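Asker: Below: one structure in structure tokens.
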Amino acid sequence: MRRKAVFGILLVLGGALLLNSCGSRGEVKRDANGKEELSGYITLSGAFALYPLAIQWADEFHRLHPEVDIDISAGGAGKGITDVLADQVDIAMVSRELKPQEKEKGAVAYAVAKDAVVATINKDNPEYQRYLKTGLSQEEAKKIWDGKTKLNVYTRSDACGAAETWAKFLDKKQEDLKGTGVFGDPGIAETLQKDVNGIGYNNIGYAYNDKTHKPTKGIAIVPIDANGNGKVDADEQFYDTLDHLMEAIAAGKYPAPPARNLYLVTAGKPKNPVVVAFLKYVRTKGQKLNGPAGFVHI
Numbered sequence: 121m122r123r124k125a126v127f128g129i130l131l132v133l134g135g136a137l138l139l140n141s142c143g144s145r146g147e148v149k150r151d152a153n154g155k156e157e158l159s160g161y162i163t164l165s166g167a168f169a170l171y172p173l174a175i176q177w178a179d180e181f182h183r184l185h186p187e188v189d190i191d192i193s194a195g196g197a198g199k200g201i202t203d204v205l206a207d208q209v210d211i212a213m214v215s216r217e218l219k220p221q222e223k224e225k226g227a228v229a230y231a232v233a234k235d236a237v238v239a240t241i242n243k244d245n246p247e248y249q250r251y252l253k254t255g256l257s258q259e260e261a262k263k264i265w266d267g268k269t270k271l272n273v274y275t276r277s278d279a280c281g282a283a284e285t286w287a288k289f290l291d292k293k294q295e296d297l298k299g300t301g302v303f304g305d306p307g308i309a310e311t312l313q314k315d316v317n318g319i320g321y322n323n324i325g326y327a328y329n330d331k332t333h334k335p336t337k338g339i340a341i342v343p344i345d346a347n348g349n350g351k352v353d354a355d356e357q358f359y360d361t362l363d364h365l366m367e368a369i370a371a372g373k374y375p376a377p378p379a380r381n382l383y384l385v386t387a388g389k390p391k392n393p394v395v396v397a398f399l400k401y402v403r404t405k406g407q408k409l410n411g412p413a414g415f416v417h418i
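Following the working numbering, the residues of the sequence shown are numbered contiguously, the last one being 418.
See the structure below:
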């Protein structure tokens, strides 16, 4: 998934948009009155989880700095890390913690938001009504993603933070999760909408409608039995709206994982003044956009 966040002109060749941070430009100019102004363009790639919020940050940053263009593409946290360390983009969007080998290669992470991964299910799945009463325990979730269930289980086919976060909640790694592989958050959501026996997991930005803050049409959120007592207690009933879930994440009521920090990542300390300014904006003034977009501020 790719969106041109603002109005730059980038070269399209053979149907692929060429992104190369070696060719990205960033400089500080002075206008006729001697006022400094940023100019240039930067590129971001990575997590589906951060994509909707990054679009809003980029649009607002462009309004503040009209001479700056930003291009953003979503393809999973793993792709973002690969791209930034290969100098193909300026910034990676990452929805998991950095791995030791990534840090050794120079990856530097900047926390920019908090969100969570939730278990999602077709709203007409017969098991959903049971989960509303009992919740989904960690042990049952382990069995489901071990393939020990009659449900149609879905997982992510792309290297991504959502899968790694959900796997970590189950004391596993992404490659250990059993199920039919589906690419991307939108893919999981669309698949569950069509499969009455389906169960999967999504970043909250795709589990809920961004306008109504209610669960995405055709999908229900499976409550987690966090304390393992076999029922959904009153203080565990916060899945009806995105706003209530965000409050639970901020208050620490939703377990972590699958609650997690989201990061923007660079290869080493950035020198491009546009990248430096964008990161500063995101971590300061840009935080005001987190809440309305369905994310918890840092």
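Where is the CB? At the ideal position from N, CA and C, for every residue including glycine. Predicted, not measured: the structure shown is a model, and the values here were computed from it.
Is it true that the region 321-336 meets the region 298-305, where meeting means three or more beta-carbon pairs spaced less than 8 Å apart?
Answerer: With a cut-off of 8 Å, the region 298-305 and the region 321-336 count as touching, because enough Cβ pairs lie within range.
Asker: Can you tell me whether residue 327 is buried or exposed, with buried defined as 16 or more other CB within 10 angstroms of its CB?
Answerer: So residue 327 ends up on the buried side.
Asker: Could you give the first and the last residue of the continuous alpha helix (DSSP H) run that contains residue 254?
Answerer: Unbroken alpha helix (DSSP H) run through residue 254: 246-254.
Asker: What is the DSSP secondary structure of residue 406, reduced to helix, strand or coil?
Answerer: Here residue 406 sits in helix by DSSP.
Asker: Beta-carbon within less than 8 Å of residue 333's beta-carbon, same chain only, minus the 5 sequence neighbours each way: which residues are those?
Answerer: Taken in chain order, the residues that qualify are 361, 362, 363 and 414.
Asker: Apart from the five residues just before and just after residue 229, which ones in its own chain have a Cβ nearer than 6 Å to its Cβ?
Answerer: Closer than 6 Å at Cβ, skipping near neighbours: 218, 383 and 385.
Asker: Put residue 189 into one of helix, strand or coil per three-state DSSP.
Answerer: Correct three-state label for residue 189: strand.
Asker: Identify which residue in 244, 197, 215 and 232 has its Cα closest to the Cα of residue 316.
Answerer: That would be 244, whose Cα lies nearest to the Cα of residue 316.
Asker: Do residue 253 and residue 352 come within 8 Å of each other at the CB atom, strictly closer than that value?
Answerer: Contact: yes.
Asker: Once the 5 residues before and after residue 387 are set aside, which same chain residues still bring their CB inside 7 Å of it?
Answerer: Cβ within range, chain order: 204, 205, 207, 226 and 227.
Asker: Check for me: the alpha helix (DSSP H) holding residue 223 runs from which residue to which?
Answerer: Looking at the DSSP string, the run of the alpha helix (DSSP H) that includes residue 223 is 220-224.
Asker: Which stretch, first to last residue, makes up the alpha helix (DSSP H) that contains residue 234?
Answerer: It is not in any alpha helix (DSSP H) - residue 234 instead sits in the beta strand (DSSP E) that spans 227-242.
Asker: Exposed or buried, what is residue 160 when buried is set at 16 or more other beta-carbons lying within 10 Å of its beta-carbon?
Answerer: Residue 160 comes out buried.
Asker: Answer yes or no: do residue 392 and residue 210 have a C-beta to C-beta separation smaller than 8 Å?
Answerer: Cβ atoms of residue 392 and residue 210: closer than 8 Å.
Asker: Give me the Cβ distance between residue 214 and residue 282, rounded to the nearest whole Å; I'm assuming they're in contact under 8 Å.
Answerer: Between residue 282 and residue 214 the Cβ distance is about 11 Å, and since that is not below 8 Å, they are no contact.
Asker: In whole angstroms, give me the CA-to-CA distance for residue 397 and residue 274.
Answerer: Computed Cα separation, rounded: 39 Å.
Asker: Whole-angstrom Cβ separation of residue 233 and residue 410, contact assumed at under 8 Å?
Answerer: The pair is a contact, with the Cβ atoms about 5 Å apart (cut-off 8 Å).
Asker: Would you mind reading off the limits of the alpha helix (DSSP H) that contains residue 167?
Answerer: Residue 167 -> no alpha helix (DSSP H), and no H or E assigned at all.
Asker: Under a three-way DSSP split, which group does residue 350 fall into?
Answerer: Reduced to three states, the DSSP call for residue 350 is coil.
Asker: If you draw a straight line from the alpha carbon of residue 406 to that of residue 251, how long is it in whole angstroms?
Answerer: If you take the alpha carbons of residue 406 and residue 251, they lie about 37 Å apart.
Asker: So, with DSSP's three-state summary, where would you put residue 400?
Answerer: It is helical.
Asker: Rounded to a whole number of angstroms, what is the C-alpha to C-alpha distance between residue 416 and residue 222?
Answerer: Rounded to the nearest angstrom, the two C-alpha atoms are 26 Å apart.
Asker: What residues match up with residue 386 in a beta bridge as DSSP calls it?
Answerer: 228.
Asker: According to DSSP, is residue 201 helix, strand or coil?
Answerer: Helix at residue 201.
Asker: Which residues in the same chain have their Cβ closer than 6 Å to the Cβ of residue 295, if we skip the five residues on either side of it in sequence?
Answerer: Cβ within range, chain order: n/a, list empty.
Asker: Report the CB separation of residue 172 from residue 278 in whole angstroms; it is logged as a contact under 8 Å.
Answerer: No, residue 172 and residue 278 are not in contact; Cβ-Cβ is about 17 Å, not under 8 Å.
Asker: Can you tell me which of the three DSSP states residue 160 falls into?
Answerer: Strand, per DSSP.
Asker: Please report the straight-line C-alpha distance between residue 242 and residue 389, rounded to a whole angstrom.
Answerer: Going by the C-alpha atoms only, they are around 44 Å apart.
Asker: How should residue 284 be labelled, buried or exposed, when 16 other C-beta atoms within 10 angstroms of its C-beta is the threshold for buried?
Answerer: The residue is buried, with at least 16 neighbouring Cβ atoms inside 10 Å.
Asker: Look at the alpha carbon of residue 231 and the alpha carbon of residue 402, and state the distance between them as a whole number of angstroms.
Answerer: If I take the Cα positions, the gap works out to 10 Å.
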